[in-house]
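K.L.:
Residue numbers (numbering that gives the first Met the number 0), protein chains in the order written: chain Z, 0 to 188; chain V, 0 to 798.
Even glycine gets a Cβ: it sits at the ideal position worked out from N, Cα and C.
Note that the structure is predicted; figures quoted are calculated from it, not measured.
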Amino acid sequence: MKPLQFLPFFLLMLFTAACSKDDTPQPEEQELITTLRMKLTDTAGVANTFTYKVENGFGSTSPGTVQVDTVALSSGATYNAELSVLNEKASPAEDLTPEIISESDDHLFFLDIARSTGATGLLLTITDMSADSQNRIFAQKFNVIAGAAGSGTFTITLLHQPTNKSAGSAASAGGETDLEAVYPVRIAP
Amino acid sequence: MTSALRASWLFANVRLPGLFISQFYPVLRTYAAVGGWLLAAIAAHAQDSCYHVLAITLTESHTRTAVSPAEVTVVETGAHFHPDESGYLRIADLCSGTYTLLLEAPGTLPRTEVVSIPAQTALDVRMEHGQVLADVEIIGTPRATAPLQSSTMLDATAQAGRPLGEILSSVNGVTTFSNGATLAKPVIHGLSGARVLTMANGIRQEDQQWGTDHALAIDPLALEAIRVVRGAAGVRYGPEAIGGAVVMEPAPLRSKTGTSAVVRTALFSNNGMGLLSGSIDHRFSSAPRLAIRLQGGGRRGANYVLPGGYRAANTALAEGAGSLLAGWRGAHSEVEAYYSFFHTSLGLYRGSHTGNEKDLAAAVASDTPLWPAGFSYTIDRPRQEVAHHLAKAKAAMDTRFGRASITYGFQHNLRREYDVQRIETDRAQLNLSLTTQTLHLALEHRRIGAFSGSFGVDGLYAENRFADGDRVFLPFYDTRGVGTYLIERYRRGDWTAEAGLRWDGRRYDVQNPQGPSQGVVRYERAYSAPSATLGVRHRWGSGHIGATLSAAWRAPQPAELFAQGYHQSAARIETGNSDLGAEQAYGVNLDAERTFGKLSVEATLYHQRIADYIFLQPGPGLLTIRGFFRTFQYQQTDAALTGADLTLTYDWTEGLSTTAQASLLRAKDVQRDEWLILIPPDRFKLSTRYATDVWKLRGAYVSVDGRYVMRQARVPENFDAIDFPRPPAGYFLLGAEIGSALHFGRQSLTWSLAATNALNTRYRDYLDAFRYFIDRPGRDVALRVTVPISFQKNSTSTP
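So this is what it looks like as structure tokens:
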């Protein structure tokens, strides 16, 4: 390494420092997710979409627009569920679902159901969760059977790079949380 | 005033921005005086290589305190040397041979030592207390350039390969703030980050502007001589030196024509890390006033092993650094140019990237690492890439008023953070750049009676930028700074006193994108304050007793003013507070050193009040698409820190000694009458060392040390709302080291084998940001070998 080779480098650095433009760059929220949509289609082919949206963008001192739909179901009915993930801060809104499906091995929608206190029986029964390319749980699509009338919550956690896709809880599945949607659920008799 | 003294001024004077320049640096100081010795030495040993180094430490036999002022005379050549205030002297470029050294200091009996070079590389001399020279003023006593307050010299090469922060923590009173095993920064008397100033070859290191989890981008093998100043030192070093300062300098250039080189290597068992570093020095025979050094090296390590046998996922690192130093020295002037770069790519434990508080709780609850990993040198996301470039030019000359100097520094820091991403990308999510230019003018005036001192002016201009499309972290801002200082020292008989005054101003021009639309809001923030110091030291027996009062301040960092967003490894949202004012610190340090028979004692007591101490205050929870988060905002309170550092050494017999150390600290939030968070717990260390010559192993030594760190029980009452789990349990660590010099004919080398955490103890440290996720690393054995290389072309010495 010839010492003098550094000289032009210094001069270049001095020059660039002296002449750097003062345009303020624009930061971007990285891989922002604002919305989870759960589309439930009953056996008659009637579809309803339930939105969970927290538009917590820059600054993060307030959650921005919050929309949490209550999932209204009929006791005993079976629904075909499909989840989609969006960034609605982008204009037009960006549908992130295809990229998550294309990386299904690295993702898991963890489904967690809790019945409100006092009631009995299963709130929801989940079946037929879709699989990733290695035939492990992915659960972007699944079936829901509504239980006895009552209320509770349905928590859907999108995990990135989970280490155990068959875990009993979202926390023990490993990876990190990209999204956590807590839907209120009400089942009509 | 002797030429050696003038030469010392020359070096002492040229420190960049904002610092009081009289900080004395022993290696450089000896530089000038070496020439005369070498001339004679070379004549006697013309066939031999003359690259050897001898480090001399003068301590008083009873108090074990530094002997200063003092004079070391080489009887064979008549050359004189003067150790610095800590009694430390390093003589470079020695020829092989046997020398007689005469050691003299006021208040002690003169001593004669015979040294054999290169067999001996270090000499610890115990000066006996006596009256003989009590009132003798040593001619050519160096300027009182070391700070009066507690400071310690370190040699980085002995711990090559360890993170700089950890090397510094071998000083009593200094601990580290770490992110696992690979990233550590110093904590001095409980204060760290923006409250500790680092000077790299005379230039303020600016990369600490970016926040707390950023290690210093410095290769300790390029700036191997380190002084750690404990306590507020704002006048001498400038704003931000509230907790103390870390002052790093390169070794001196060759003093005679010809070429010499040294190669260092180290291997580490825990993470399979290898280190290779070397330097080559040359003084031109065609232009003997000019000397250069090219230095460089790197290290590469895999992910490290935890005591349970697990590996910490994605903790590999790769680092490279290089520097070029050129110096020209005339009879009454001097010019120096320096360039260095440092680049590191550092993996962060994969499991420290959490999505929300539940992820963090799961990691805390797990006894074993949640992320499995095998042995790998691969550095994946999350990772940091940091580059640091420093260019410096300085010129100094003697004037009728004293030594005048001008120093310009250019510093470019780049930082890229690669987050874990859902979508494959090569892009970094954060691209910060910080370009800083500094100018420092200083005049070290001629001695006037018993007074010596200096006056200086500083300027600083910095631009902090990020790239389009980066994640939100810091605004775009420019910093302007000015400062001026005057410091005077008075020395008479057993008394030394120092007084200094400084004023600094800082201004930030900020363009902060904020709100949902990220519209740019401009802020102007200006801060200014004085710093002051008043110190006095009195000889006490063969030791000393001293007191220093100091005032220092710092402007809030842009991160504290404008940070916004998610803190990944703590699973919380931190927001800045643009209304913060400056932190103002007032401290008092008492220190004493004395020997009683075979026992020597060194004690420091300190108390510091910090008005408007900046800390993170918990706020309400915030709903996000990833769940609820705890939020924190920077707020100010008043803090009081009181502590003590104590070192006791007992000499059982020649070569065998035991040292006990204790470091205690109590830190309170005065306004709320509560303990401060993240304060290092009390710690104790006991070590025994035996050194002797065994067979061909000259200066062979073996040492064992045990370290006990207590659990930090003093935490704020609302700790559980701020942080969890509670601070980890106390722990005991055992270390051991052996080493020596070896000679094969004319070739020599030094080697050492050092084990850390020798018992493979499982532990977590309160000041480790990875304490939520994984243990501290397990046993590590390091083999270090240093080989000097001689080139048989040594000829004449420089004037």
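Kindly indicate if chain V contains any beta-carbon less than 9 Å away from that of T176/Z.
P.N.:
With 9 Å as the cut-off, T176/Z counts as an interface residue toward chain V.
K.L.:
Write down the C-beta distance between T176/Z and N355/V rounded to the nearest angstrom, noting that I regard them as a contact closer than 8 Å.
P.N.:
Their Cβ separation, rounded to whole angstroms, is 5 Å, which keeps T176/Z and N355/V in contact under 8 Å.
K.L.:
Return helix, strand or coil for I721/V, following the three-state DSSP convention.
P.N.:
Residue state, collapsed to three classes: helix.
K.L.:
With three or more C-beta pairs closer than 8 Å as the rule, is the segment 234-246 of chain V touching the segment 363-371 of chain V?
P.N.:
Contact between the segment 363-371 of chain V and the segment 234-246 of chain V is absent, because fewer than three Cβ pairs lie under 8 Å.
K.L.:
Give the residues from the segment 26-60 of chain Z that approach chain V closer than 9 Å (Cβ to any Cβ), ordered along the chain.
P.N.:
Listed by position, the residues of the segment 26-60 of chain Z near chain V (Cβ gap below 9 Å) are P26, E27, E28, Q29, E30, L31, I32, T33, T34, L35, Y51, K52, V53, E54, N55, G56, F57, G58, S59 and T60.
K.L.:
How would you list, in chain order, the residues of chain Z whose beta-carbon sits under 7 Å from the beta-carbon of L369/V?
P.N.:
Correct list: T162 and G173.
K.L.:
Are the Cβ atoms of A610/V and Q634/V separated by less than 9 Å?
P.N.:
No, the Cβ-Cβ distance between A610/V and Q634/V is not below 9 Å.
K.L.:
Thinking C-beta only, is N269/V closer than 9 Å to Y309/V?
P.N.:
It is not a contact, given that the beta carbons lie outside the stated cut-off.
K.L.:
Please check if any C-beta of chain V sits within less than 9 Å of the C-beta of A170/Z.
P.N.:
With 9 Å as the cut-off, A170/Z counts as an interface residue toward chain V.
K.L.:
Considering only the beta carbon of each residue, do L100/V and H51/V sit closer than 9 Å?
P.N.:
No, Cβ-Cβ distance for L100/V and H51/V is not below 9 Å.
K.L.:
What would DSSP say about I32/Z, mapped onto helix, strand or coil?
P.N.:
Residue state, collapsed to three classes: coil.
K.L.:
Using the three-state DSSP reduction, which class does T256/V fall into: helix, strand or coil?
P.N.:
Reduced to three states, the DSSP call for T256/V is coil.
K.L.:
Taking a contact to mean a Cβ-Cβ separation below 9 Å, would you say L57/V touches I116/V in this structure?
P.N.:
Cβ atoms of L57/V and I116/V: not closer than 9 Å.
K.L.:
Let me know the beta strand (DSSP E) ranges lying completely inside the segment 598-656 of chain V, each 3 residues or longer, listed in chain order.
P.N.:
Segments of the beta strand (DSSP E) lying fully in the segment 598-656 of chain V: 598-617, 621-623 and 626-652.
K.L.:
Buried or exposed: where does Q670/V fall if 16 or more other Cβ atoms within 10 Å of its Cβ makes it buried?
P.N.:
It is exposed - the Cβ of Q670/V has fewer than 16 other Cβ atoms within 10 Å.
K.L.:
Does the count of Cβ pairs from the segment 77-97 of chain Z and the segment 23-40 of chain Z closer than 8 Å reach three?
P.N.:
Touching, yes.
K.L.:
CA-CA distance, H106/Z and S168/Z?
P.N.:
For H106/Z and S168/Z, the distance between alpha carbons rounds to 15 Å.
K.L.:
Going along the chain, which residues of the segment 598-632 of chain V sit with their C-beta nearer than 7 Å to a C-beta in chain Z?
P.N.:
The residues in question are L621, L622, T623, I624, R625 and G626.
K.L.:
Report yes or no: is there a C-beta of chain V within less than 9 Å of the C-beta of P2/Z?
P.N.:
Model confidence at P2/Z stands at a pLDDT of 44, short of 50, so the residue's coordinates are unreliable and nothing is read from them.
K.L.:
Looking only at its own chain, which residues have a Cβ that is under 7 Å from the Cβ of T152/Z, when we skip the five neighbours before and after it?
P.N.:
Closer than 7 Å at Cβ, skipping near neighbours: A113, V181, Y182, P183 and V184.
K.L.:
List the residues that DSSP assigns as beta-bridge partners of K38/Z.
P.N.:
DSSP, once it has assigned bridges, lists T48/Z and E81/Z as partnering K38/Z.
K.L.:
Which chain V residues are close to V65/Z, counting only those with a beta carbon under 8 Å from its beta carbon?
P.N.:
Within chain V, the residues near V65/Z are L622.
K.L.:
Are L485/V and G504/V closer than 9 Å when you measure CB to CB?
P.N.:
Against a cut-off of 9 Å, the Cβ pair of G504/V and L485/V comes out as no contact.
K.L.:
If I measure Cβ to Cβ from V135/V and keep anything under 6 Å in the same chain, skipping five residues before and after, which residues do I get?
P.N.:
Note that V135/V scores a pLDDT of 30, beneath 50, so its modelled location is shaky; the value from the coordinates is reported in the next line. Cβ neighbours of V135/V beyond the five flanking positions: P105.
K.L.:
Taking the alpha carbon of A602/V as the point to measure from, which residue in M272/V, T64/V and E59/V has its own alpha carbon closest?
P.N.:
Cα-wise, what sits closest to A602/V is T64/V.
K.L.:
Using a Cβ cut-off of 9 Å (strictly closer), state whether A290/V contacts chain Z.
P.N.:
It does not: the Cβ of A290/V has no partner Cβ on chain Z nearer than 9 Å.
K.L.:
Answer yes or no: do A221/V and S322/V have a C-beta to C-beta separation smaller than 9 Å?
P.N.:
Contact flag set, yes.
K.L.:
Have a look at G705/V, Y771/V and L677/V and flag the residue whose alpha-carbon is nearest the alpha-carbon of F723/V.
P.N.:
Minimum Cα distance to F723/V is reached at Y771/V.
K.L.:
When you compare the CB of A311/V with every CB in chain Z, is at least one pair closer than 9 Å?
P.N.:
Judged by the 9 Å Cβ criterion, A311/V is not in contact with chain Z.
K.L.:
Below 7 Å CB to CB, which residues in the same chain sit around M396/V once its five sequence neighbours on both sides are set aside?
P.N.:
Excluding residues within five positions, the ones whose Cβ falls inside 7 Å are H331, S332 and A403.
K.L.:
Comparing the C-beta of H387/V with each C-beta of chain Z, is any distance below 9 Å?
P.N.:
No, because no Cβ of chain Z sits closer than 9 Å to the Cβ of H387/V.
K.L.:
Between A89/Z and E27/Z, what straight-line distance do the alpha-carbon atoms span, to the nearest angstrom?
P.N.:
C-alpha separation (whole angstroms): 11 Å.
K.L.:
Would you kindly work out how many angstroms separate the C-alpha atoms of S171/Z and G307/V, rounded to a whole number?
P.N.:
Their backbone Cα atoms lie some 20 Å apart in a straight line.
K.L.:
So, using beta-carbon positions, are R282/V and R253/V closer together than 9 Å?
P.N.:
The answer is yes: Cβ separation under 9 Å.
K.L.:
Would the beta-carbon of R688/V fall within 9 Å of that of A661/V?
P.N.:
In this structure, A661/V does not lie closer than 9 Å to R688/V by Cβ.
K.L.:
Which residues mark the beginning and the end of the alpha helix (DSSP H) in which Y762/V is found?
P.N.:
First-last for Y762/V: undefined, no H or E at that position.
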